[in-house]
Structure formats: structure tokens, C-alpha cells
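Protein chains in written order, with the working numbering: chain A, 1 to 133; chain B, 1 to 133; chain C, 1 to 133.
Structure below.
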């Protein structure tokens with residue numbers, strides 16, 4: 001199967017644009033579905049607009065709606081780690097995009113983004129898998 | 001690959017039932033997975049019950065939990081547009097359904113629904129893709 | 001196609017770990033994508049950490065953010081049923097995981113979990129589908 005693992009450093013920011021890597025991966029293939037999957041329990045993958053404020057709006061929404069300072073049963077890690085564990089359920093840990101002639105069919109304002117508010121684990125793995133159509 | 005694009009007019013309502021189009025598309029094929037993908041950064045695709053109040057409940061929840069009147073960094077579009085940009089992250093921009101003998105295996109009360117609270121862009125595209133099993 | 005339906009009894013708890021069933025199903029196959037789909041309009045499937053408190057944190061978040069005691073348009077079922085109908089939209093009704101050599105590529109702390117806060121319907125179906133890569 002056509003599947004590879006990316007290594008991503010998230011120490012710079014809690015949202016990382018993976019669109020270039022997705023496009024590069026798909027360019028070698030034809031028509032099908034591409035799936036991105038994050039095998040971590042405190043990170044999420046989404047398709048959103050990046051760069052015009054929506055990414056910051058998403059982080060603000062998460063801070064307000066899934067507050068890091070709230071009391072959580074999960075007691076491992078530093079403060080906020082309990083909130084991080086809710087992200088995969090709320091936002092999802094995978095994204096699937098149709099691919100035509102090696103081009104993922106993202107809209108003009110869509111990007112594939114890794115959401116990683118967990119500041120303890122900065123090396124993240126992302127598996128990209130291509131299923132021919 | 002078996003993939004086609006629907007054009008959907010959302011000027012009538014912020015939730016549009018796409019189940020008939022999904023069933024028609026799948027009927028031509030056999031066993032596999034069907035994926036619906038919306039290539040817009042201010043719309044979402046979900047599987048929900050429609051017609052017994054749950055669709056209105058979802059819109060109310062969104063209005064309350066992702067308020068259009070809140071302050072957003074994203075400054076394009078009319079008021080509420082910032083909220084629209086959060087929907088793809090929270091609700092998702094694609095749905096995948098197993099298909100047996102040309103029938104998507106939705107439950108009795110499940111429908112494929114486009115959520116489009118953005119009232120500025122009324123012509124939406126949805127890509128349906130079938131992957132044989 | 002390689003697809004089978006599980007029957008799951010949720011009378012014991014609102015979160016059921018389906019990871020063992022997922023692993024058993026995939027073990028018979030090679031490389032590909034596995035999809036789990038719940039054909040019910042009041043249940044959800046997610047990938048989360050289980051057993052260290054995050055599952056209880058998720059239920060608490062849902063109780064607070066999608067309160068069962070709130071007023072809903074949906075009037076069928078017992079109190080809280082209106083809230084149950086929002087879960088598939090917010091959390092999702094399917095999960096897709098890459099599979100290598102019969103092993104779903106879940107991370108160490110990831111489990112496939114059925115979320116079923118609806119206490120009226122205790123027999124749930126889950127469809128597992130394998131698409132070869």
C-alpha cells in the first residue's frame with residue numbers, strides 16, 4: 001500500500017499546516033482517496049482556512065469551550081493535558097480528501113492542519129495513506 | 001475513478017438534505033465506500049436525523065456555542081462569517097459511508113446533511129467519490 | 001467486499017471500547033483502510049484514550065456543553081434524547097484508520113470508542129469495512 005509517515009515538529013505553534021506535505025505525497029499518484037491520520041491521543045487533524053485569522057479563532061474557541069484550566073479526571077501531564085485529550089473526539093484524528101490526477105481536491109481556502117495544543121510532546125507523527133480509486 | 005460534483009443551492013435553508021443524491025450516486029455501483037466532501041471553508045457535512053427537530057436543535061446549539069455575534073479575528077465577509085469558518089473543524093468537511101450492493105448503509109434515521117450557515121455564498125459544490133471494496 | 005456487522009450491548013456504560021473487535025477484524029486482512037460506521041442517529045464513534053480518565057472527561061464535557069436537561073425541538077424519547085441526536089454531528093458517526101499487515105495503526109493511547117448516551121436503545125450495530133490498499 002502507498003503509505004508513509006511524516007514527522008512534524010510542533011514546538012513552534014499549536015497549529016501546523018500540512019497542506020504542502022499532502023500535495024507532495026499525492027502528486028506521485030493518480031485518482032483515489034488520501035487519508036491523513038494522527039496516531040496521538042492529544043492531537044487532531046482538521047481541514048480549515050489558515051492565515052486569515054480562522055486558525056486563531058479556533059484556538060480561542062477551544063480555550064473557551066474546552067478550557068485548559070478546568071478540572072479533569074485525567075491527571076497525567078501538565079495542566080491542560082486533560083483538555084488536550086478531548087480534542088481528538090471533538091475535532092477528529094483523521095481527514096480524508098478525494099484526489100484527482102494526483103491533486104487533492106481541497107477548496108481554495110482549505111488547508112490540512114494539525115492541531116496540537118499539548119506543549120509537552122513536540123515530535124508528532126502523521127500517517128498519509130493513498131487508496132487508488 | 002468514480003467521482004462527481006454536485007451543485008447545491010443553499011439559499012433556501014442552512015441545512016440541505018443530500019441523501020437522495022447520495023443514494024442515486026451509489027445505486028450505479030456495487031460494494032465499497034462512498035465519500036462526500038465539501039471543498040468550502042465555511043460549510044460542513046454531517047450525518048444526522050432530519051425532519052423531527054434535530055436539525056433545528058443543531059442550528060440552535062451552533063448559535064449558542066459558536067455565536068455569530070462574538071468577536072472573531074477573521075474579518076472578511078459579513079458578521080457571523082468568523083463563526084462559519086469554525087464549522088468545518090468542529091463538524092467536519094467530509095463523511096464516509098459503507099455501501100453494499102449500491103445501497104449506502106445509513107440507518108433509518110440518518111441523513112447526509114450539508115450545514116451552511118454562511119448566507120453569502122449560495123452555490124455550493126459537493127464531491128461524491130466511490131471507492132470499490 | 002470485506003464488511004461485517006458487530007452487535008454491541010451498551011446497557012453497561014455509555015462508552016464501549018471496540019478496539020479488540022477492530023483488531024480482530026483487521027487481523028484477517030493485509031494493508032488498507034478500515035472504517036467503523038454506526039448506523040444510529042443517537043450514537044457516535046471516536047478515537048480517544050480510554051481508562052485514564054479521559055473517557056469520563058468526555059462525558060462531563062458533553063453533559064456541560066450539550067446538556068441533556070436543555071430544551072430541544074426533538075420531542076421523541078425520554079429526556080436527554082434531543083441531546084443524543086446532536087452527538088453524531090459533533091463527534092461523528094464513523095472512524096477510518098490505516099491498516100498495515102493486518103494491524104490498525106492506532107497510537108499507544110488511542111482506542112476506538114462507541115459513545116452512546118442514549119439509555120433507551122441498548123443494542124447497537126457497528127459496521128466494520130476493510131478497503132484493501
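Here a beta-carbon is modelled for each residue, glycine too, at the ideal position from N, C-alpha and C.
Going by Cα to Cα distance, which pick from the options is closest to residue i?
| i | options | result |
| --- | --- | --- |
| residue 5 of chain A | C:61, C:105, C:89 | C:105 |
| residue 109 of chain C | C:43, C:51, C:27, C:30 | C:51 |
| residue 89 of chain B | A:48, A:77, A:101 | A:48 |
| residue 14 of chain B | B:127, B:1, B:113, B:129 | B:113 |
| residue 71 of chain B | B:61, B:64, B:82 | B:82 |
| residue 86 of chain C | B:86, B:22, B:46 | B:46 |
| residue 29 of chain C | C:60, C:2, C:84 | C:2 |
| residue 84 of chain B | A:84, A:35, A:53, A:94 | A:53 |
| residue 60 of chain A | B:69, B:73, B:122 | B:73 |
| residue 21 of chain C | C:132, C:127, C:133 | C:127 |
| residue 80 of chain B | A:122, A:69, A:57, A:79 | A:57 |
| residue 16 of chain C | C:132, C:133, C:111 | C:111 |
| residue 40 of chain B | B:133, B:69, B:122, B:65 | B:122 |
| residue 12 of chain A | A:120, A:133, A:78, A:65 | A:120 |
How would you write the range of the alpha helix (DSSP H) that residue i sits in, first residue to last?
| i | result |
| --- | --- |
| residue 54 of chain C | 54-65 |
| residue 91 of chain A | 87-91 |
| residue 21 of chain A | 19-27 |
| residue 113 of chain A | Segment 111-115 is the beta strand (DSSP E) holding residue 113 of chain A; no alpha helix (DSSP H) there. |
Taking the C-alpha atoms as reference points, what is the distance between residue i and residue j?
| i | j | result |
| --- | --- | --- |
| residue 55 of chain C | residue 118 of chain A | 18 Å |
| residue 19 of chain A | residue 24 of chain C | 34 Å |
| residue 76 of chain C | residue 67 of chain C | 16 Å |
| residue 38 of chain C | residue 92 of chain C | 9 Å |
| residue 125 of chain A | residue 7 of chain A | 5 Å |
| residue 102 of chain C | residue 27 of chain B | 30 Å |
| residue 62 of chain B | residue 10 of chain B | 18 Å |
| residue 129 of chain B | residue 32 of chain B | 10 Å |
| residue 42 of chain C | residue 99 of chain A | 32 Å |
| residue 115 of chain A | residue 96 of chain C | 18 Å |
| residue 44 of chain A | residue 131 of chain C | 23 Å |
| residue 78 of chain A | residue 64 of chain A | 18 Å |
| residue 94 of chain A | residue 94 of chain C | 11 Å |
| residue 34 of chain A | residue 69 of chain C | 40 Å |
| residue 133 of chain C | residue 36 of chain C | 17 Å |
| residue 107 of chain A | residue 107 of chain C | 30 Å |
Run down chain B in chain order and give the residues with a C-beta less than 9 Å from the C-beta of residue i.
| i | result |
| --- | --- |
| residue 49 of chain A | 41, 42, 74, 85, 88 |
| residue 92 of chain C | 46, 47, 91, 92, 95 |
| residue 82 of chain C | 53, 54, 57 |
Residue i versus chain A: which residues are under 9 Å apart at the beta carbon?
| i | result |
| --- | --- |
| residue 2 of chain C | Per Cβ cutoff of 9 Å: no residues; residue 2 of chain C is ~14 Å from chain A at best. |
Using a cut-off of 8 Å between C-beta atoms, extract the partners of residue i located in chain C.
| i | result |
| --- | --- |
| residue 126 of chain B | Within chain C, no residue comes near residue 126 of chain B; the closest Cβ sits about 17 Å away, beyond 8 Å. |
| residue 102 of chain B | Within 8 Å Cβ-Cβ: nothing; residue 102 of chain B doesn't reach chain C, min ~12 Å. |
What in chain B is Cβ-close to residue i, meaning under 7 Å?
| i | result |
| --- | --- |
| residue 25 of chain C | Correct list: empty, because the minimum Cβ distance to chain B is about 13 Å. |
| residue 52 of chain A | 74, 76 |
| residue 56 of chain A | 73 |
Quick one: which chain C residues come within Cβ less than 7 Å of residue i?
| i | result |
| --- | --- |
| residue 22 of chain B | Going along chain C, no residue has its Cβ under 7 Å from residue 22 of chain B, so there is no contact; the nearest lies around 14 Å. |
| residue 131 of chain B | 131 |
| residue 98 of chain B | 3, 35, 37, 127, 129 |
Give the residues of chain A in contact with residue i, contact being defined as C-beta atoms less than 7 Å apart.
| i | result |
| --- | --- |
| residue 36 of chain C | Ordered by position in chain A, no residue passes the 7 Å Cβ test against residue 36 of chain C, which lies about 12 Å from the chain. |
| residue 60 of chain B | Those do not exist, as residue 60 of chain B stays about 16 Å from chain A at its closest Cβ, beyond 7 Å. |
| residue 107 of chain C | 39, 40, 41 |
Have a look at the DSSP bridge pairing and note the partners of residue i.
| i | result |
| --- | --- |
| residue 127 of chain C | C:5, C:37 |
| residue 100 of chain C | C:103 |
| residue 94 of chain B | B:37 |
| residue 32 of chain B | B:99, B:132 |
Going along chain B in order, which residues have a C-beta closer than 8 Å to the C-beta of residue i?
| i | result |
| --- | --- |
| residue 11 of chain A | Under the 8 Å cutoff, chain B gives no residues; its nearest Cβ is about 22 Å from residue 11 of chain A. |
The beta strand (DSSP E) spanning residue i covers which residue range?
| i | result |
| --- | --- |
| residue 83 of chain A | First-last for residue 83 of chain A: 81-84, but that is the alpha helix (DSSP H), not the beta strand (DSSP E). |
| residue 43 of chain A | No beta strand (DSSP E) contains residue 43 of chain A, which DSSP labels as neither H nor E. |
Which chain A residues sit within Cβ distance under 8 Å of residue i?
| i | result |
| --- | --- |
| residue 66 of chain B | 61 |
| residue 31 of chain C | 1, 3 |
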